[in-house]
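Structure record follows, encoded as structure tokens.
2 protein chains.
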Amino acid sequence: MQRFFEYNWQVRDEWFDWCNQLPYEQLVKERSGGVGGILYTLFHIIDVEYSWIRGIQGKEDIVINFVDYHSLEKVRSLSEQFQKEIVEFMKINLRERKMELVNVPWDNDTYTVDEILHHIIAHEIHHIGQLSIWARELELKPVSANFIGRNLTNIKPRW
Amino acid sequence: MQRFFEYNWQVRDEWFDWCNQLPYEQLVKERSGGVGGILYTLFHIIDVEYSWIRGIQGKEDIVINFVDYHSLEKVRSLSEQFQKEIVEFMKINLRERKMELVNVPWDNDTYTVDEILHHIIAHEIHHIGQLSIWARELELKPVSANFIGRNLTNIKPRW
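Line by line, the protein sequences are chains A and B. Residue 1 is where the first sequence starts when you use the UniProt record's numbering, and the numbers rise one by one after that. Residue 1 is where the second sequence starts when you use the UniProt record's numbering, and the numbers rise one by one after that.
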């Protein structure tokens, strides 16, 4: 589970680097499908991950608005800020909490910690796949999505 | 890990159902990005998953050609056939083999079983994200990618 977070964060960072080559209009241009744009996809991934992690922690949801993060630098900096908190959270033994039930304010259903962690991981990979379609539409090579062959930065020693 | 396979297979099946509404030309139409088409994406996911699983098992790679599976029914039936084999394989204790090194004929590098399983999972979610963009381009609602709220069919009792 932890390795998927490491993978997602590495791939996300590569997409931030990739975005540097785009003019601002392309970053915020409305596109078909997904959440509708490149920069907004990155913002959305970060927002969703952080909200669910806070949900697992029983912390109040913090609503962040895209209008306040309307540049690549701001979204990247938000990503780094939240990652620091999530790294701290992931140092606890999540395995022991896997079956614990979680309620969040934006959903009427109750989910286990394990389900939510799977959800966060799949959510990011899904949206990153969409970025790669838009990259090709711009006639640019997308970031590799390969899991194999990566040198991942360990959040903590492997479970 | 196992739950991600269950998730991927359930989502894949929903995409097969979703594909039923499309005329054949749309299934095989060349599209921008990814592996270039809807039916070929599904074929590619199945092929890659099966090849790596055979690789982990030390079995010879079987080359399958899309030209022999040029219909929705054939691709779906291939998926079901391979899944049966993979379910059997996953009943062994994969945890014990996590750090085992694997060589495959199509790659010069060596990977652990754990890395390969992560790779297969991320590979499918990534490509499914691309299908959802193409669905919107066709003005159709894509299959949900949510992990939460699914009633997954257990391959075997949870690890």
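Glycine residues also receive a C-beta, built at the ideal position from the N, C-alpha and C atoms. Quick caveat, the model's predicted, so the values are computed rather than measured.
TODO: Out of A:K98, A:N20, A:L138, A:E6, state which residue places its alpha-carbon closest to the alpha-carbon of A:R76.
DONE: Position 76 of the first sequence holds residue 76 of chain A. Minimum Cα distance to A:R76 is reached at A:N20.
TODO: Work out the CA separation of B:I125 and A:H126 for me, nearest whole Å.
DONE: Walking along the first sequence from the start, residue 126 of chain A turns up at place 126. Walking along the second sequence from the start, residue 125 of chain B turns up at place 125. Taking the CA atoms as reference points, A:H126 sits about 5 Å from B:I125.
TODO: With 9 Å as the threshold, decide whether the Cβ of A:Q130 is near any Cβ in chain B.
DONE: Locating residue 130 of chain A in the first sequence gives position 130, counting from the first residue. Yes, its Cβ sits closer than 9 Å to a Cβ of chain B.
Open item on the list: Is it buried or exposed, A:S132, if we count other Cβ atoms within 10 angstroms and call 16 or more buried?
Closed with: Taking the first sequence and counting its residues from 1, one reaches residue 132 of chain A at position 132. Taking all protein chains shown into account, A:S132 has 16 or more neighbouring C-beta atoms within 10 Å of its C-beta and is therefore buried.
Task: Simplified DSSP state of A:L101, which is helix, strand or coil - done: Looking up residue 101 of chain A in the first sequence gives position 101. Strand.
Open item on the list: Can you confirm whether residue 212 of chain B, when its beta carbon is compared against all beta carbons of chain A, has any partner nearer than 9 Å?
Closed with: What is shown of chain B runs 1 to 159, which leaves residue 212 of chain B out entirely.
Task: Closer than 8 Å at the beta carbon, the chain B residues around A:Y111 - done: Here residue 111 of chain A refers to the residue found at position 111 when the first sequence is read from its first residue. Chain B residues near A:Y111: I148, G149.
Task: Nearest neighbour of A:K141, chosen from B:E6, B:I46, B:S32, B:W18 [CA to CA] - done: Along the first sequence, read from residue 1 onward, the residue named residue 141 of chain A stands at position 141. Residue nearest to A:K141 within the set B:E6, B:I46, B:S32, B:W18 is B:S32 (criterion: CA-CA distance).
TODO: Might you give, ordered along the chain, the residues of its own chain that have their beta carbon closer than 7 Å to the beta carbon of A:M99, omitting 5 neighbours on each side?
DONE: Taking the first sequence and counting its residues from 1, one reaches residue 99 of chain A at position 99. Counting only Cβ-Cβ distances below 7 Å, and skipping sequence neighbours, we find T112, D114.
Task: Below-9 Å beta-carbon distance, A:S32 vs any chain B residue - done: What you label residue 32 of chain A is simply residue 32 of the first sequence in a count that begins at 1. Yes, its Cβ sits closer than 9 Å to a Cβ of chain B.
Open item on the list: If I measure Cβ to Cβ from A:W9 and keep anything under 7 Å in the same chain, skipping five residues before and after, which residues do I get?
Closed with: For the purposes of this step, residue 9 of chain A is identified with residue 9 of the first sequence, where counting begins at 1. Q83.
Task: Residue-chain proximity (B:G86, chain A), Cβ-Cβ < 9 Å - done: For the purposes of this step, residue 86 of chain B is taken as residue 86 along the second sequence, with counting starting at 1. According to the sequence provided, residue 86 of chain B is Ile. The question's Gly does not apply to it. The C-beta of B:I86 comes no closer than 9 Å to any C-beta of chain A.
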